[in-house]
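Respectively, the protein sequence lines represent chains P and A.
If you count by this note's numbering, then the first sequence holds residues 1 to 273, one letter each, in order.
If you count by this note's numbering, then the second sequence holds residues 1 to 307, one letter each, in order.
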Amino acid sequence: MVETDQNRQSDFKSTALRSFKVIFSITFNQTIKSKKTIFMLILAFLPVFLTLYYRIAQPEHIVPPHLVLFHVMIFFLLFVSILIALFYGNAMIGDEVDNKTIIYYFIRPVQKYMIIIGKFVAYLAGVFLIIIPPMLISFLIISSDSQMSTDFASTVDTFARQLGVVMLGLTVYGSIFMFFGARLKHPIIIGLLLAFGWEKIMLIVPGLIRKFSVAHYLVSAFPIDPSMQTALEDVSKGSTSSPITSIIMIAIITVVFLGLSIHAMYNKEYKFE
Amino acid sequence: MTPIIESTSLCKWYSQVMAVNDISISVGSGVTGLLGPNGAGKSTLLKLMVGLLKPDKGEIKVFGERVWNNNQINQRIGFCPDLDAFYETMTGFQFVISLAMLSGYSKTEADERTMEVLRTVDMLDNKDKKIGAYSKGMKQRVKLAQSLIHDPELLLLDEPLNGMDPIGRHNTIKLVEQLNQRGKTIIVSSHILHEIEAMTDNILLINNGRILAEGNVHEIRELIDKHPHNVYINCDKPRLLASILVQYDDVVSTNLSKEDGGLIVETVKPDELYSRLPGIILENDIKVENLHSPDDNLQAVFKYLVG
């Protein structure tokens, strides 16, 4: 009897793993080959062109390089990553529903939660591939400036942690927009209202209400060079949570929205008329 | 014998529209045709059977189990939807093998099964082309392939002959016969009577979400034959054609259309008219521009049946 249960568990694990791999593969390929990828790559590489221009056309260093680097990274955090998360996060389920291809998952012996997990991991792989190279290139272009701090190791360390927070941002926003795509009729519109309405407004209002936005926790967790403290206070309005609290909150929000996506998938009827 | 599919007072509505209205059926093994005009509720009923939709009232069971949110039962069901939905950047082979692996096959098994199934639906030569470049008939065959890939016991085929050329239709009809002989239970939907006739004698007649009749297709055919058909023929010699056709016993009347002068032939045996026409046209050098029958789908028949 124990052997049979073990075999069953082993069969279940191998089937679940196989389903995960196939869902990941289909989703990752569709993400990379989708037409929106060209637009997203242009958007992601925009700061690279700006930093190149800065390095070539700014011999007098009117704007110090560490300030440029800070603003470029904030631009990745609060604009580029949100837009990428919005379009790809929503597409995970939203595009499959619009194109009616989600039917093929539903008529297979695949657990619906595995559809969400497989697609979410594929989304992460795709968006990290899109955002990491331009961030790295922008960093290298600016940090090679002789006016940058001589403590290169510290600069690299700060950049690595900033990259980590941007990836956290893609993760948490991706989970939110994936839920929108799974549950709502007009997910892109609602997503835009959230991303460029609520999230941006919360960055300029003081007080406790800021804690009802993802952007607050991302800015709080965002490591910066101490020389940039004043610039950060301009963004955070002097109100931040601790980095540990922020990372925990980001993780909780991600898990909650993934759970809501799974719930939506089990309860919503997708009608294809 | 336990029915394969059983529904009790099954209802499904979309906003104000009752797509499936109090359907209680019991479907056993073999091939069953689900026959009804467009908008009759065929696709909705099939989607309820495969668990894509949840009943609003009543219940439906397949192999004795409820199907909504029951993904494990999908191992035993193959569904060919009427929708044109594909990953257009994938090749036919990639599409089918992915779904084979999602059905539980290992990579090696899926590879073998995919080649076999694509051979069965005559898509081996085009397997490495992107689906976006396929014709409608080729897409239909790939859809059929994905429904067969896991060798299910029950096949639900929603308008499987749509978009296929005559050879494709013939091959698909033969495939349904072969699958039936192998013990598969098949439900195939269509709005065209002779398509269903070619595959099975056993039909469910559906209209406005209700099952109007179930039983032998020949009885339905007799009902149709009692109801005169109108056939419209636009040609250069309508009066000559009318004078020839009116001599046949099955032609009830001929009239000229007031709008464009085309010939409207009323007949109780449309099949005989169609088989006779080519000879008449050739012998009398008549040029035919347009030929159709407003009664050739089921709408007119259903109007007649429902009254």
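Using N, Cα and C, we set each Cβ at its ideal position, and we do this for glycine too.
Small disclaimer: the values here were computed from a predicted structure and weren't measured.
- Under the 8 Å criterion on CB atoms, PRO133/P is classed as non-interfacial with respect to chain A.
- Per DSSP, the continuous alpha helix (DSSP H) segment holding GLY174/P begins and ends at 152-183.
- The Cβ atoms of VAL217/A and GLY41/A do not sit closer than 8 Å to each other.
- Within the model, the alpha-carbon separation for ILE56/P versus LEU203/P is close to 33 Å.
- Per DSSP, the beta-bridge partners of ASN255/A are ILE264/A.
- At the C-beta level, ALA122/P and THR240/P stay beyond 8 Å of one another.
- Here SER43/A is actually not in contact with ILE23/A; their C-beta atoms are around 14 Å apart, not less than 8 Å.
- Taken atom to atom, the span from the alpha-carbon of GLY164/P to that of THR158/P is near 10 Å.
- Per the C-alpha coordinates, the member of VAL188/A, GLU272/A, MET90/A, GLN94/A positioned closest to GLY36/A is VAL188/A.
- In this structure the segment 74-85 of chain P touches the segment 31-46 of chain P; the number of beta carbon pairs closer than 8 Å is three or more.
- The beta carbon of LYS185/P sits no closer than 8 Å to any beta carbon of chain A.
- If one requires a minimum length of 4 residues, the alpha helix (DSSP H) runs lying completely within the segment 79-154 of chain A are 92-102, 107-120, 136-148, in chain order.
- When Cβ-Cβ separations below 8 Å define contact, VAL22/P makes contact with chain A.
- Within the model, the alpha-carbon separation for VAL50/A versus ASN71/A is close to 10 Å.
- Between GLU259/A and GLU289/A, the alpha-carbon positions lie close to 15 Å from each other.
- Between the segment 184-200 of chain A and the segment 264-272 of chain P, the count of C-beta pairs closer than 8 Å stays below three; the two stretches do not touch.
- Counted as a single uninterrupted DSSP element, the alpha helix (DSSP H) harbouring HIS263/P occupies residues 243-267.
- Listed along the chain, the chain P residues whose CB falls inside 7 Å of the CB of ALA85/A are ASN99, LYS100, THR101, ILE103.
- Among the residues of the segment 101-128 of chain A, those with a Cβ less than 8 Å away from any Cβ of chain P are MET101, LEU102, SER103, GLY104, SER106, in the order of the chain.
- Per the coordinates, the alpha-carbon of LEU69/P lies some 6 Å from the alpha-carbon of ILE142/P.
- Here TYR88/P is buried, its C-beta having at least 16 other C-beta atoms within 10 Å.
- Secondary structure of TRP13/A (DSSP, three-state): strand.
- Taken through DSSP and simplified to helix, strand or coil, ASP95/P comes out as helix.
- Three or more beta-carbon pairs separated by less than 8 Å are not found between the segment 71-83 of chain A and the segment 105-120 of chain A, which leaves the two stretches without contact.
- DSSP places TYR217/P inside the alpha helix (DSSP H), whose first and last residues are 214-221.
- Taken through DSSP and simplified to helix, strand or coil, TYR248/A comes out as coil.
- Counting only unbroken stretches of 4 or more residues, the alpha helix (DSSP H) elements lying wholly within the segment 78-130 of chain P are 81-98, 103-106, in sequence order.
- Residue-level contact by beta carbon fails for VAL20/A and chain P, as no gap is shorter than 8 Å.
- By DSSP's assignment, ASP158/A forms a beta bridge with SER189/A.
- In this structure, the alpha-carbon of ALA160/P lies about 55 Å from that of LEU45/A.
- If the five residues before and after GLU65/A are omitted, its C-beta is found closer than 7 Å to the C-beta atoms of ILE73, all from its own chain and listed in chain order.
- At least 8 Å separates the CB of VAL172/P from every CB of chain A.
- In chain order, PRO109 make up the part of chain P whose C-beta sits under 8 Å from the C-beta of GLN75/A.
- Close to chain A, meaning a Cβ-Cβ distance shorter than 9 Å, are the following residues of the segment 15-43 of chain P: THR15, ARG18, SER19, LYS21, VAL22, ILE23, SER25, ILE26, ASN29, GLN30, LYS33, SER34.
- Contact fails between the segment 123-136 of chain A and the segment 151-158 of chain A, because fewer than three Cβ pairs, one in each stretch, are under 8 Å apart.
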